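Structure first, commentary second.
Protein chains: 2
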Amino acid sequence: MLNFSVSEENYIKAIFRLQHGDNTVTTNELSAELRAKPASITDMMKKLRTKKLVHYEAYKGFRLTAEGRKAGLMIIRRHRLWEFFLSEKLKFTWDEVHELAEELEHVSSKKLIDKLDEFLGFPRYDPHGDPIPDANGKIEASRQVALTALPLNKSATVCHVSDQSSSMLELLGHKKIAIGTRVELKKQFDFDGSMDVRVGRQQTVNISKQLAQNIYVKYDG
Amino acid sequence: MLNFSVSEENYIKAIFRLQHGDNTVTTNELSAELRAKPASITDMMKKLRTKKLVHYEAYKGFRLTAEGRKAGLMIIRRHRLWEFFLSEKLKFTWDEVHELAEELEHVSSKKLIDKLDEFLGFPRYDPHGDPIPDANGKIEASRQVALTALPLNKSATVCHVSDQSSSMLELLGHKKIAIGTRVELKKQFDFDGSMDVRVGRQQTVNISKQLAQNIYVKYDG
DNA sequence: ATAAATATTTAGGTTTACCTAAATTAAATT
DNA sequence: AATTTAATTTAGGTAAACCTAAATATTTAT
Numbered sequence: 462m463l464n465f466s467v468s469e470e471n472y473i474k475a476i477f478r479l480q481h482g483d484n485t486v487t488t489n490e491l492s493a494e495l496r497a498k499p500a501s502i503t504d505m506m507k508k509l510r511t512k513k514l515v516h517y518e519a520y521k522g523f524r525l526t527a528e529g530r531k532a533g534l535m536i537i538r539r540h541r542l543w544e545f546f547l548s549e550k551l552k553f554t555w556d557e558v559h560e561l562a563e564e565l566e567h568v569s570s571k572k573l574i575d576k577l578d579e580f581l582g583f584p585r586y587d588p589h590g591d592p593i594p595d596a597n598g599k600i601e602a603s604r605q606v607a608l609t610a611l612p613l614n615k616s617a618t619v620c621h622v623s624d625q626s627s628s629m630l631e632l633l634g635h636k637k638i639a640i641g642t643r644v645e646l647k648k649q650f651d652f653d654g655s656m657d658v659r660v661g662r663q664q665t666v667n668i669s670k671q672l673a674q675n676i677y678v679k680y681d682g
Numbered sequence: 462m463l464n465f466s467v468s469e470e471n472y473i474k475a476i477f478r479l480q481h482g483d484n485t486v487t488t489n490e491l492s493a494e495l496r497a498k499p500a501s502i503t504d505m506m507k508k509l510r511t512k513k514l515v516h517y518e519a520y521k522g523f524r525l526t527a528e529g530r531k532a533g534l535m536i537i538r539r540h541r542l543w544e545f546f547l548s549e550k551l552k553f554t555w556d557e558v559h560e561l562a563e564e565l566e567h568v569s570s571k572k573l574i575d576k577l578d579e580f581l582g583f584p585r586y587d588p589h590g591d592p593i594p595d596a597n598g599k600i601e602a603s604r605q606v607a608l609t610a611l612p613l614n615k616s617a618t619v620c621h622v623s624d625q626s627s628s629m630l631e632l633l634g635h636k637k638i639a640i641g642t643r644v645e646l647k648k649q650f651d652f653d654g655s656m657d658v659r660v661g662r663q664q665t666v667n668i669s670k671q672l673a674q675n676i677y678v679k680y681d682g
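Sequence lines, in order, name chains A and B.
First residue of the first sequence: 462, per the working numbering; consecutive thereafter.
First residue of the second sequence: 462, per the working numbering; consecutive thereafter.
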């Protein structure tokens with residue numbers, strides 16, 4: 462019930478991340494996320510299904526079961542606690558901590574993690590501002606929403622982009638949008654779903670519906 | 462040159478430990494140490510030979526090459542630094558740290574380990590009293606000898622037991638010997654190799670040759 | 001509604017690190 | 001020295017987690 466291989470953990474974590482609520486995750490999405498071929502994804506999905514960690518029917522995408530979600534939360538807890546440790550105690554910069562935490566997170570002793578949590582003073586957020594699940598897997602409901610769901614004139618901060626393709630990053634760079642950028646929705650056009658968004662203090666740019674759906678923000682304050 | 466699988470690292474570490482100087486290590490010794498069948502040891506030795514990490518000729522045992530020794534020192538450095546961290550910062554007891562460090566040691570980022578070393582204040586010994594190699598792989602020549610090699614009436618401290626079986630630990634407990642116990646050889650009997658040893662300040666106990674061979678001590682001072 | 005394009009799965013192969021059983025070599029005993 | 005015993009290696013097999021190429025579903029476009 463509680464012991465998974467490194468690979469299994471990476472799959473669970475990736476599905477957790479891509480699910481973003483109740484969405485079903487596709488083979489190709491996971492394939493891109495994990496840089497593994499689609500055929501490998503199918504293999505692993507069958508395995509995780511027999512372990513009752515995902516709901517999966519051929520051709521219909523997959524979602525974590527309650528148990529899979531719980532496992533995912535524990536992996537994320539480990540990951541974020543190590544990130545906090547690396548940044549706070551070992552003075553790594555925030556862009557260095559992720560890949561080291563990717564390795565440390567697979568040491569799965571519960572006692573180790575709970576003691577690490579205590580040593581760190583029970584931190585609530587990792588260095589990227591993401592909330593850290595507690596020892597029971599409880600995690601602060603993130604006030605994170607897609608840019609498309611942001612109310613007019615409410616200031617928010619970009620905290621996540623769900624597509625990491627280079628074409629998407631190029632477009633974001635061009636519009637001067639990055640993680641941490643302050644944004645505010647100024648106008649929404651019914652015809653094509655595009656929107657005018659104030660970026661930073663000076664400029665306002667137009668963003669397509671497709672792009673907005675992939676940008677996640679957190680309300681300020 | 463510098464990246465090994467978890468299995469390879471475990472083999473290198475085990476050979477390093479068993480070599481204890483220049484002795485050549487046998488297939489069966491490694492098999493016992495790693496709880497793998499002799500055939501598996503032969504497989505891996507061939508692999509490590511092609512990677513130039515061990516000297517190995519069929520039926521003749523093996524020794525680490527200079528490069529293998531260097532790799533071994535780095536693994537031991539990681540292991541002992543994590544042990545120190547677990548004991549000193551997370552307050553694990555000395556008998557809990559070993560198996561956790563077995564997992565953490567395989568995260569091989571040099572920068573991580575050097576920063577951890579700095580964070581811990583460049584400790585010289587792990588919680589079991591074994592010296593920690595520095596960032597260049599330099600390690601304090603341990604003045605560690607088997608109890609059988611201790612001269613008469615020279616005070617020393619138990620720093621290592623090479624067999625960790627529960628039957629051995631039971632016997633040690635019974636004789637009130639643990640890591641850190643002060644001992645002094647009082648008399649040696651040629652007939653069976655047994656010896657009288659003063660343990661601590663009050664009592665003297667008789668120890669069999671077999672037991673003495675598995676107890677390592679460090680001269681005091 | 002069909003055809004073309006795309007997504008997913010199946011079938012069969014590879015590598016790593018194990019295993020068992022059998023063969024071979026070395027060491028110990030008579 | 002010959003034989004028995006023990007250690008080691010070889011041969012061939014397995015499971016995990018990947019892969020490629022081909023087959024099959026599904027979606028999209030005409």
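No residue lacks a Cβ here, since even glycine has one placed at the ideal position from N, Cα and C.
Since we're looking at a predicted model, the values are computed, not measured.
Less than 8 Å separating the beta-carbons of residue i and residue j?
i: B:Y517; j: B:Q605; result: no
i: A:D578; j: A:A596; result: yes
i: B:R659; j: B:V644; result: yes
i: A:R538; j: A:P594; result: yes
i: A:A617; j: A:K679; result: yes
i: A:K670; j: A:D657; result: no
i: A:G482; j: A:K531; result: no
i: B:L633; j: A:F580; result: no
Out of the options, which one is the CA nearest neighbour of residue i?
i: A:C620; options: A:E601, A:G590, A:L561; result: A:G590
i: A:S468; options: A:L542, A:G533, A:T487, A:V558; result: A:G533
i: B:I536; options: B:L633, B:L463, B:A519, B:R510; result: B:L463
i: B:P584; options: B:S569, B:Y680, B:G482, B:L547; result: B:L547
i: A:K474; options: A:L632, A:I640, A:K648, A:E564; result: A:E564
i: A:L542; options: A:Y472, A:G522, A:F650, A:Y586; result: A:Y586
i: B:T488; options: B:H481, B:A500, B:F477; result: B:A500
i: B:N614; options: B:L646, B:K636, B:G641; result: B:L646
i: A:K637; options: A:V666, A:E560, A:Q480, A:D624; result: A:V666
i: A:M629; options: A:L672, A:K571, A:D651; result: A:L672
i: B:Q480; options: B:V515, B:E560, B:R496; result: B:V515
i: B:W555; options: B:I574, B:R478, B:Y472, B:G641; result: B:G641
i: A:K572; options: B:G582, B:K576, B:D575, B:E560; result: B:E560
i: A:G582; options: A:P612, A:E549, A:A497; result: A:E549
i: B:T503; options: B:Y472, B:D653, B:D651; result: B:Y472
Below 8 Å on the Cβ atoms is my guess for residue i versus residue j; work out the distance and round it to an integer in Å.
i: B:A607; j: B:Q664; result: Contact doesn't hold; Cβ gap of about 22 Å is too wide.
i: A:T526; j: A:K513; result: 6 Å
i: B:E544; j: B:A562; result: 5 Å
i: A:T485; j: A:R510; result: That belief does not hold up - the Cβ atoms of A:T485 and A:R510 are roughly 14 Å apart, past 8 Å.
i: B:E470; j: B:H567; result: 6 Å
Report buried or exposed for residue i, applying the criterion of at least 16 other Cβ atoms within 10 angstroms of its Cβ.
i: B:F553; result: buried
i: B:A610; result: exposed
i: A:G529; result: buried
i: B:P588; result: buried
i: B:L491; result: buried
i: A:F465; result: buried
i: B:H635; result: exposed
i: B:E631; result: exposed
i: B:E557; result: buried
To which residues does DSSP link residue i through a beta bridge?
i: B:A607; result: B:Y677
i: A:N667; result: A:D657
i: B:V515; result: B:L525
i: A:K648; result: A:D657
i: B:H621; result: B:Y677
i: A:Y586; result: A:P592
i: B:R643; result: B:T618
i: A:V486; result: A:F523
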